[in-house]
Amino acid sequence: GIEIPHDRGCVAHSDGDVLMHCVVDAITGALGLPDIGQLFPDTDPKWKGQTSDVFVVEAVRLMELEGYSIGNLDVTLIAQRPKISPHKDKIRANVARVLGVHDSVVNVKAKTHEKVDSLGENR
681 GIEIPHDRGC
691 VAHSDGDVLM
701 HCVVDAITGA
711 LGLPDIGQLF
721 PDTDPKWKGQ
731 TSDVFVVEAV
741 RLMELEGYSI
751 GNLDVTLIAQ
761 RPKISPHKDK
771 IRANVARVLG
781 VHDSVVNVKA
791 KTHEKVDSLG
801 ENR
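Start counting the sequence shown at 681; every next residue gets the next number (my numbering).
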């Protein structure tokens, strides 16, 4: 994925790319398949530190086996910090590259919680 410099990050078994994990769940969910945690369990050491691109590529493979393809993908990242908007074009291009689709197929939005609730208050 795209690394965005910040003083905080995700603690995860794999690379913790939450956007790509959601892409996997969107694809597998549309196919009626298990979620990312079941397909790539954190109890399996082979997934430790793995890049999320690997999970997306596998989800796409499963999708194509069923005779489907990506028509469009719309993702929304919700975070108070860091600001995502300056990175949206790079994120979009990367997601499209991993999916094997044109950039125009992918839309990336960024939202905050307007400093309301635990997310908005950076807790």
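Yeah, the Cβ is synthetic: ideal placement off N, Cα and C, and Gly gets one too.
Alpha-carbon to alpha-carbon, residue j and residue i
i      : j      : result
Phe735 : Gly709 : 14 Å
Met700 : Ser732 : 6 Å
Val698 : Lys791 : 15 Å
Val737 : Val703 : 10 Å
Met743 : Pro721 : 19 Å
Collapsed DSSP secondary structure at residue i in the structure displayed
i      : result
Asn787 : strand
Asp724 : coil
Ile758 : strand
Close-in-space but distant-in-sequence residues of the same chain around residue i (CB under 6 Å, 5 per side omitted)
i      : result
Val775 : Val786
Beta-carbon spacing of residue i, residue j below 9 Å
i      : j      : result
Leu719 : Ala739 : yes
Val755 : Val788 : yes
Neighbourhood of residue i by C-beta distance below 8 Å, restricted to the same chain and skipping five residues each side
i      : result
Asp705 : Asp715 and Ile716
Glu805 : Any question about residue 805 goes unanswered here, given that the chain covers just 681 to 803.
Asp724 : none
Those residues which DSSP pairs with residue i across a bridge
i      : result
Leu753 : Val786
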